[in-house]
Amino acid sequence: MSERTFLLAANWKMNPTPAAALVNAHGDQSKNPYHPHADIDVVVFPTFLDVQRCMDAGLIVGAQYGHPEVSGAHTGDVSMAMLKTIGCRYVLCGHSERRNDHKETDNDVAAQAIAALEQKIHPIICIGETLEEREKGHAEAVVKKQLKGLPLESDVTIAYEPVWAIGTGKTATPTQAQEMHAFIRSQLPKDRRDSTRILYGGSMKVENAEAMLKQPDIDGGLIGGASLKPEEFGKMIEIAEKMIIN
Ligand code: PEP
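Quick note, my numbering runs 50 ahead of the 1-based positions in the sequence shown.
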C-alpha cells in the first residue's frame, strides 16, 4: 500500500445535501459518515448554497467550481477568491459535466487549477475520455492532452473519470482503471509521481470500492450517485479504513 492517504470525495452535483450530512457533525458522529475521519480524507462537494452550512456542520468542504478571476462581470459565477474567503478547502476543476454543459476547455480547467492554488485551495482536476475515444483507442492520448498545461508540479489531485462511466452504472474494470492511473502517474513530473493522489470516478459503489482501492495507483474515489446515500457512502469509508488497517 502506498504512503498516499485515501481520499473519498462526495460530489453531490445539483442535488440537495443529504440530511445526514448535517446531523451531529460536531457531536456523536455515528450517524454522519461525511464527517472528517482520522485515517482517510473525506471531503464533500455540495451546491454553492450549502457550502457554508456544511462547513458550519464541521465537514471538510469543497466547491464544485470556482471562477479563476477574483471578481467581475461573470453572472452566476463564484470566484476562487470568494471560496477562499469563506474557508472552502477544495475545488473540483473540469468535471466532465462542466466541460460538457459549460463548454469548459482544457485551458479553462488549467486556469481554474492555477487560480485555486494561488488561493491555497486544493484542486481536484478531473480528466477522462469518452466512450467513442476509448473505442477508437485514443483514451491515453486524450488524457495526455488534458494533462498538458496543468500545474502538475504543484500539490494537486487528479481524478480519472472515464466519461462513459459517470452516472451510467457502467464502471471501468479495476484493471482498466489501474492501467490508466499508472499511465497518468507516468505523465506527472518525476518528483510528484509518488505524492500526487489519483482518484477514480465513475459509478463507484460498495460493490466495486474494494477492488478499485486495492489497485496500487488508485488513491481514492470521486463519488457521485453513491455518495448521496449516507449508508452506502459510510460503507465505502469503512472499506477504505479496513484496507489501511490490514
Ligand atoms: C462524479 O460525480 O464525478 C461521478 C463519478 O458520479 P457517479 O459516481 O454517479 O458516476
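The beta-carbon is built from N, C-alpha and C at its ideal position, and this holds for glycine as well.
Query raised in the report: What residues in its chain sit with their C-beta under 7 Å from that of residue 154, if we drop five residues either side in the sequence?
Result: Numbered from 1 along the sequence shown, position 104 holds the residue referred to as residue 154. The residues are 144 and 148.
Query - C-beta atoms of residue 24 and residue 97 nearer than 8 Å - result: Nothing can be reported for residue 24, as the shown portion of the chain is limited to 51 through 296.
Report task. State the Cα-Cα distance for the pair residue 227 and residue 105, rounded to the nearest angstrom. Result -> Translated into the one-based positions of the sequence shown, residue 227 becomes position 177. Translated into the one-based positions of the sequence shown, residue 105 becomes position 55. Using only the alpha carbons, I get a separation of about 32 Å.
**Report entry** residue 54 - containing alpha helix (DSSP H), residue span
**Finding:** To locate residue 54, count along the sequence shown from 1; it is residue 4. That residue, residue 54, is in no alpha helix (DSSP H); it is neither H nor E in DSSP.
Report task. May I ask you to report which of helix, strand or coil DSSP gives residue 184? Result -> Taking the first residue of the sequence shown as position 1, residue 184 is located at position 134. It is helical.
Query raised in the report: To the nearest angstrom, how far is it from the Cα of residue 235 to the Cα of residue 62?
Result: The residue given as residue 235 occupies position 185 in the sequence shown. The residue given as residue 62 occupies position 12 in the sequence shown. Roughly 27 Å separates the two Cα atoms.
Query raised in the report: Would you call the region 122-137 and the region 169-177 touching, i.e. three or more CB-CB distances under 8 Å?
Result: yes
Query raised in the report: Secondary structure at residue 275, three-state DSSP: helix, strand or coil?
Result: As a working mapping, residue 275 is identified with position 225 in the sequence shown. Reduced to three states, the DSSP call for residue 275 is helix.
Report task. Tell me whether residue 131 sits in a helix, a strand or coil according to DSSP, three-state version. Result -> Indexing the sequence shown from 1 puts residue 131 at position 81. In this structure, residue 131 counts as helix in the three-state DSSP scheme.
Requested in this report: Output the residue ranges of the alpha helix (DSSP H) runs that lie fully inside the region 221-257 and measure 4 residues or longer, sorted by chain position.
Outcome: 224-237
Report task. Return yes when the Cβ of residue 70 is within less than 8 Å of the Cβ of residue 212, no when it is not. Result -> Sequence index remark: in the sequence shown, residue 212 carries index 162 (1-based). Sequence index remark: in the sequence shown, residue 70 carries index 20 (1-based). No, these two residues do not count as a Cβ contact at 8 Å.
Requested in this report: Decide yes or no for the touch test of the region 215-234 against the region 246-260: beta carbon pairs closer than 8 Å, at least 3 of them.
Outcome: yes
**Report entry** With 16 other Cβ atoms within 10 Å as the buried cut-off, status of residue 288
**Finding:** Mapped onto the sequence shown, residue 288 falls at position 238. Exposed, since its Cβ has fewer than 16 Cβ neighbours within 10 Å.
Query raised in the report: At a cut-off of 7 Å, is residue 254 close to ligand 1 when judged by its beta-carbon and the heavy atoms of the ligand?
Result: Stepping through the sequence shown from its first residue, residue 254 is reached at position 204. The answer is yes for residue 254.
Query - Cβ-based burial, residue 118 [other Cβ within 10 Å; buried from 16] - result: On the sequence shown, position 68 is the one that residue 118 refers to. Flag for residue 118 reads buried.
Query - residue 68 classed as buried or exposed, judged by whether at least 16 other C-beta atoms fall within 10 angstroms - result: Taking the sequence shown and counting its residues from 1, one reaches residue 68 at position 18. So residue 68 counts as buried.
**Report entry** beta-carbon residue 261 near ligand 1 non-hydrogen atom, thresh 7 Å
**Finding:** By one-based count along the sequence shown, residue 261 stands at place 211. Because no heavy atom of ligand 1 lies under 7 Å away, the Cβ of residue 261 does not count as near it: no.
Query - Burial state of residue 150, where buried means 16 or more other Cβ atoms lie within 10 Å - result: Position 100 of the sequence shown, counting from 1, holds the residue named residue 150. By the 10 Å Cβ count, residue 150 comes out exposed.
Query raised in the report: DSSP three-state call for residue 104: helix, strand or coil?
Result: Numbered from 1 along the sequence shown, position 54 holds the residue referred to as residue 104. Helix at residue 104.
Query raised in the report: With respect to the alpha helix (DSSP H) encompassing residue 44, which residues constitute its N-terminal and C-terminal limits?
Result: An answer regarding residue 44 cannot be provided, because it is not within the stretch 51 to 296 covered by the chain.
Report task. Would you mind reading off the limits of the beta strand (DSSP E) that contains residue 209? Result -> Counting from 1 along the sequence shown, the entry for residue 209 is found at position 159. It spans 207-210 - the beta strand (DSSP E) in which residue 209 sits, taken as one unbroken run.
**Report entry** Three-way DSSP call (helix, strand, coil) for residue 200 in this model
**Finding:** Here the question's residue 200 lines up with position 150 in the sequence shown. Reduced to three states, the DSSP call for residue 200 is coil.
Query - Environment of residue 179 [buried if 16+ CB atoms lie within 10 Å] - result: Locating residue 179 in the sequence shown gives position 129, counting from the first residue. With 16 or more Cβ atoms within 10 Å of its Cβ, residue 179 is classed as buried.
Requested in this report: Can you check DSSP and say which residues form a bridge with residue 95?
Outcome: Working through the sequence shown from its first residue, we reach residue 95 at position 45. Residue 95 is bridged to 61.
Query - Neighbourhood of residue 191 by C-beta, 6 Å cutoff - its chain only, sequence neighbours within 5 removed - result: Taking the sequence shown and counting its residues from 1, the one referred to as residue 191 is at position 141. Taken in chain order, the list of residues that qualify is empty.
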